[in-house]
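**Student:**
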Amino acid sequence: MQKPTLPKGTRDFGPVQMARRNFIFDTIKSTFQQFGFMPLETPAMENLSVLTGKYGDEGDQLLFKILNSRPHEAKEVEKEKMQQEFTRLLAQNSNSSLLTEKGLRYDLTVPFARYVVMNRNDIAFPFKRYQIQPVWRADRPQRGRYREFYQCDADVVGTDSLLCEAEIVCMMNQVLTQLGITDFTIKINNRKVLTALAEMAGAPGQEGPLCVAIDKLDKIGREKVEQELAERGFSPESIGKLDPVFTMQGTFGEKIQQLQQLFASSETGREGVSELQEVMELVNGFGLQNPRLEFDVTLARGLSYYTGAIFEVKVNNVQIGSISGGGRYDNLTGAFGLPGVSGVGFSFGVDRIYDVMEELGIFPAHNAASTRVLLVAFDAEARKYALPVLRQLRQAGINSELYPDQTKMKKQLDYANAKSIPWVVLIGSDEMASGQLALKNMQTGEQQSVPVEGLIGKVSQ
RNA sequence: GAGGUUGUAGCUCAGCUGGUUAGAGCGUCGGUUUGUGGCACCGAAGGUCGCGGGUUCGAACCCCGUCUUCCUCCCCA
Numbered sequence: 006m007q008k009p010t011l012p013k014g015t016r017d018f019g020p021v022q023m024a025r026r027n028f029i030f031d032t033i034k035s036t037f038q039q040f041g042f043m044p045l046e047t048p049a050m051e052n053l054s055v056l057t058g059k060y061g062d063e064g065d066q067l068l069f070k071i072l073n074s075r076p077h078e079a080k081e082v083e084k085e086k087m088q089q090e091f092t093r094l095l096a097q098n099s100n101s102s103l104l105t106e107k108g109l110r111y112d113l114t115v116p117f118a119r120y121v122v123m124n125r126n127d128i129a130f131p132f133k134r135y136q137i138q139p140v141w142r143a144d145r146p147q148r149g150r151y152r153e154f155y156q157c158d159a160d161v162v163g164t165d166s167l168l169c170e171a172e173i174v175c176m177m178n179q180v181l182t183q184l185g186i187t188d189f190t191i192k193i194n195n196r197k198v199l200t201a202l203a204e205m206a207g208a209p210g211q212e213g214p215l216c217v218a219i220d221k222l223d224k225i226g227r228e229k230v231e232q233e234l235a236e237r238g239f240s241p242e243s244i245g246k247l248d249p250v251f252t253m254q255g256t257f258g259e260k261i262q263q264l265q266q267l268f269a270s271s272e273t274g275r276e277g278v279s280e281l282q283e284v285m286e287l288v289n290g291f292g293l294q295n296p297r298l299e300f301d302v303t304l305a306r307g308l309s310y311y312t313g314a315i316f317e318v319k320v321n322n323v324q325i326g327s328i329s330g331g332g333r334y335d336n337l338t339g340a341f342g343l344p345g346v347s348g349v350g351f352s353f354g355v356d357r358i359y360d361v362m363e364e365l366g367i368f369p370a371h372n373a374a375s376t377r378v379l380l381v382a383f384d385a386e387a388r389k390y391a392l393p394v395l396r397q398l399r400q401a402g403i404n405s406e407l408y409p410d411q412t413k414m415k416k417q418l419d420y421a422n423a424k425s426i427p428w429v430v431l432i433g434s435d436e437m438a439s440g441q442l443a444l445k446n447m448q449t450g451e452q453q454s455v456p457v458e459g460l461i462g463k464v465s466q
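Mapping of the first sequence onto the numbering used here: residues 6 to 466, in sequence order.
(1) Which class does residue 45 belong to by DSSP, given the choice of helix, strand or coil?
(2) My assumption, with CB atoms under 8 angstroms, is that residue 278 sits in contact with residue 202. Please give the rounded CB distance.
(3) Would you list, in sequence order, the uninterrupted beta strand (DSSP E) runs of no fewer than 3 residues that lie entirely inside the stretch 370 to 409?
(4) Buried or exposed: residue 21, going by 16 or more other Cβ atoms within 10 Å of its Cβ?
(5) Does the structure place the stretch 149 to 167 close enough to the stretch 344 to 359 that three or more beta carbon pairs sit under 8 angstroms?
(6) Cβ of residue 418 within 8 angstroms of Cβ of residue 428?
(7) Between the stretch 14 to 28 and the stretch 358 to 368, can you find at least three pairs of beta-carbon atoms closer than 8 angstroms?
(8) Which value, in whole angstroms, describes the spacing of the CA atoms of residue 321 and residue 424?
(9) Between the stretch 92 to 106 and the stretch 50 to 63, are three or more C-beta pairs nearer than 8 angstroms?
(10) Return the first residue and the last residue of the beta strand (DSSP E) that residue 161 is part of.
(11) Excluding the 5 residues preceding and the 5 following residue 47 in the sequence, name in chain order all residues of the same chain whose CB lies nearer than 8 angstroms to its CB.
(12) Whole angstroms are fine: how far does the CA of residue 60 sit from the CA of residue 14?
(13) For residue 208, which three-state DSSP category applies?
(14) Could you spell out where the beta strand (DSSP E) holding residue 137 opens and where it closes?
(15) Helix, strand or coil for residue 328, going by three-state DSSP, please let me know.
(16) Just to confirm, are residue 163 and residue 189 a CB contact at a threshold of 8 angstroms?
(17) Using a 10 Å radius around the Cβ and a threshold of 16 neighbouring Cβ atoms, would you call residue 41 buried or exposed?
(18) Can the beta-carbon of residue 191 be found closer than 8 angstroms to that of residue 174?
(19) On the criterion of 16 or more Cβ atoms from any shown chain inside 10 Å, does residue 93 qualify as buried, or is it exposed?
(20) Name the DSSP bridge partner or partners of residue 108?
(21) Under the criterion of a Cβ to heavy atom distance below 7 angstroms, does residue 445 qualify as lining the ligand FMN?
(22) Any idea what DSSP makes of residue 79, helix, strand or coil?
(23) Would the stretch 263 to 276 and the stretch 215 to 235 be scored as touching if the rule is three or more Cβ pairs under 8 angstroms?
(24) With three or more C-beta pairs closer than 8 angstroms as the rule, is the stretch 206 to 213 touching the stretch 239 to 247?
(25) Per DSSP, what kind of secondary structure is residue 448 in: helix, strand or coil?
(26) Suppose contacts are defined by Cβ-Cβ distances below 8 angstroms. Is residue 171 in contact with residue 67 by that definition?
(27) With DSSP collapsed to three states, give me the class of residue 296.
(28) Keeping to the same chain, check which residues put their C-beta closer than 7 angstroms to that of residue 76; ignore five residues upstream and five downstream.
(29) Cβ atoms of residue 387 and residue 432: under 8 angstroms apart, would you say?
(30) Hey, quick one: how far does the alpha helix (DSSP H) through residue 114 stretch, first residue to last?
(31) Should the stretch 405 to 418 be called in touch with the stretch 380 to 395, which here means at least 3 C-beta pairs below 8 angstroms?
(32) Quick one, which of 179, 396, 435, 301 has its alpha-carbon nearest residue 295's?
(33) Give me the residue from 399, 407, 377 with the minimum Cα distance to residue 389.
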């Protein structure tokens with residue numbers, strides 16, 4: 006028989022990993038709730054019409070599409086059409102509802118927008134929801150990149166208040182700090198600034214290619230960026246006009262001032278800059294000790310639906326992509342027939358956060374969810390005696406178990422060791438006769454006799 | 001999508017320019033010890049060398065294909 010395998014880019018999560026993942030999920034969830042967000046879940050699969058065209062060409066390529074069920078039951082005429090469609094699909098990337106009409110969700114924001122539109126009459130705006138579910142991308146797996154991974158989204162729709170942006174910065178700070186990640190940077194920029202830059206460079210509407218190039222500034226340096234801009238069709242004068250972008254330095258406020266001058270004649274640009282400034286002021290208003298917020302003109306982000314602020318969080322000195330990101334999208338619901346609903350949201354990448362925490366070695370050692378007490382019985386009578394004891398422990402909220410098989414004590418103690426169970430209660434004829442149970446501390450090896458009633462107190466310390 | 005890389009026991013890896021029955025450590029199981037774990041000692045189980053084809057008297061090793069792993073680019077959480 007062949008050994009079973011997992012599909013590329015997917016993983017199992019064993020008990021140890023799950024305990025750690027749940028620690029991350031719980032931290033994120035409680036922060037979201039603290040800030041007034043309500044839970045939502047949507048199906049793993051969506052109609053392809055919901056998904057396509059929302060993530061740009063690159064994104065569309067990465068969609069997992071689901072083959073329509075029971076193609077063999079189609080009528081002969083349809084089968085012929087299906088074959089033609091399949092030939093067409095092999096030649097170019099497109100959809101054919103005859104073959105596939107559903108796909109796995111690519112992120113949580115678009116399904117959320119779909120939900121908002123479908124439930125617009127029942128929703129009280131501004132609507133704040135959080136959503137923690139897996140998403141799927143037919144990407145090539147790499148470090149920190151999987152084909153199935155979890156996102157933890159929080160979005161607000163129905164308000165364009167920049168308070169939402171400021172609160173996102175607060176939540177990013179709170180979650181990462183609580184997880185024990187301290188050396189990180191929250192980068193912020195605004196799509197309007199990028200739009201204005203493109204206009205200024207005499208290439209209106211070309212912010213896409215512009216961003217892709219300047220986004221690499223800190224990675225490949227100015228010369229190579231200019232070279233890439235030239236390759237992407239920007240003229241030498243255009244590139245010259247971008248000079249201030251390359252040389253921009255200083256604090257958040259200083260950069261803002263430089264841009265204000267630069268955008269003297271661009272309304273869009275000034276708008277973007279003043280939004281950035283207001284977000285900064287609001288964040289300061291919250292009085293964060295260390296907001297770790299940095300303005301980065303070269304921050305672009307790929308998703309095509311962003312229109313205002315954009316965020317990205319990088320952990321410093323760890324070689325992995327961003328662990329969180331988001332932004333404002335003014336018209337995502339417009340794609341589903343409900344224009345004029347502005348939204349802003351962000352997402353934590355749990356899988357990457359996990360990788361970062363593992364690399365930094367900052368997972369808490371103790372696991373509150375595991376077994377605290379193992380009952381070891383020597384014979385059938387002792388087992389019978391153990392059952393009510395087990396029940397009492399559990400009723401007192403103490404995770405406990407009785408070794409299910411009657412085997413040698415060595416094996417049972419080994420089991421306790423393997424599961425790092427801190428306490429073992431031994432029950433045999435002596436204990437049953439005296440009513441004093443033998444309680445063993447597995448770390449120190451100490452053993453004491455305690456009556457059943459005393460057990461709970463000893464063990465819950 | 002382009003380029004590179006990896007695959008040998010449950011895990012981490014050896015395996016010489018192709019040459020008998022493919023090894024180690026850890027882990028597992030059994031024993032020394034039928035009511036006391038971690039240590040020690042003794043013993044055992046466990047592998048169509050990723051899969052398929054080819055070259056050869058002979059392939060874990062060479063060639064081709066395929067899948068997988070990880071990496072760079074692209075893009076992204």
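All C-beta atoms in this analysis are idealised placements derived from N, C-alpha and C, irrespective of residue type, glycine included.
**Tutor:** In terms of the structure at hand:
(1) Reduced to three states, the DSSP call for residue 45 is coil.
(2) The C-beta distance from residue 278 to residue 202 rounds to 11 angstroms, too long to fall under 8 angstroms, and the pair is not in contact.
(3) The qualifying runs are 378 to 382, 405 to 407.
(4) Answer is exposed; the Cβ neighbour count stays below 16.
(5) Touching, yes.
(6) No, the Cβ-Cβ distance between residue 418 and residue 428 is not below 8 angstroms.
(7) Here the stretch 358 to 368 makes contact with the stretch 14 to 28; the two share three or more CB pairs at distances below 8 angstroms.
(8) Going by C-alpha positions, residue 321 is about 35 angstroms away from residue 424.
(9) The answer is yes - the stretch 50 to 63 touches the stretch 92 to 106, with three or more Cβ pairs under 8 angstroms.
(10) Judged by DSSP secondary structure, residue 161 falls within the beta strand (DSSP E) whose first and last residues are 153 to 162.
(11) 110, 113, 116, 117, 119, 120, 136, 138.
(12) Going by the C-alpha atoms only, they are around 21 angstroms apart.
(13) Here residue 208 carries a coil assignment [DSSP, helix/strand/coil].
(14) Annotation for residue 137: the continuous beta strand (DSSP E) segment containing it runs 132 to 141.
(15) Looking at residue 328 - three-state DSSP - the assignment turns out to be coil, as it is neither helix nor strand.
(16) Contact check for residue 163 against residue 189 fails: the beta carbons are separated by 8 angstroms or more.
(17) So residue 41 ends up on the exposed side.
(18) In contact: residue 191 and residue 174 (Cβ atoms closer than 8 angstroms).
(19) Result: exposed.
(20) Looking at the DSSP assignment, residue 108 forms a beta bridge with 51, 70.
(21) With respect to the ligand FMN, the structure shown offers nothing to examine, as it has no ligands at all.
(22) Coil, per DSSP.
(23) Taking a cut-off of 8 angstroms on C-beta distances, the stretch 263 to 276 does not touch the stretch 215 to 235, as fewer than three cross pairs fall below it.
(24) The stretch 239 to 247 is in contact with the stretch 206 to 213.
(25) DSSP places residue 448 in the coil class of the three-state scheme, outside both helix and strand.
(26) No; because the gap between Cβ atoms is not below 8 angstroms, this pair is not in contact.
(27) Coil, per DSSP.
(28) Exclusion of the five residues before and after residue 76 leaves 87 as the residues of its chain whose Cβ lies within less than 7 angstroms of its Cβ.
(29) Going by C-beta atoms, residue 432 is nearer than 8 angstroms to residue 387.
(30) 114 to 123 is the span of the alpha helix (DSSP H), which, as asked, contains residue 114.
(31) The answer is yes - the stretch 380 to 395 touches the stretch 405 to 418, with three or more Cβ pairs under 8 angstroms.
(32) Of the listed residues, the one whose Cα sits closest to residue 295 is 179.
(33) Relative to residue 389, the option among 399, 407, 377 whose CA is nearest is 407.
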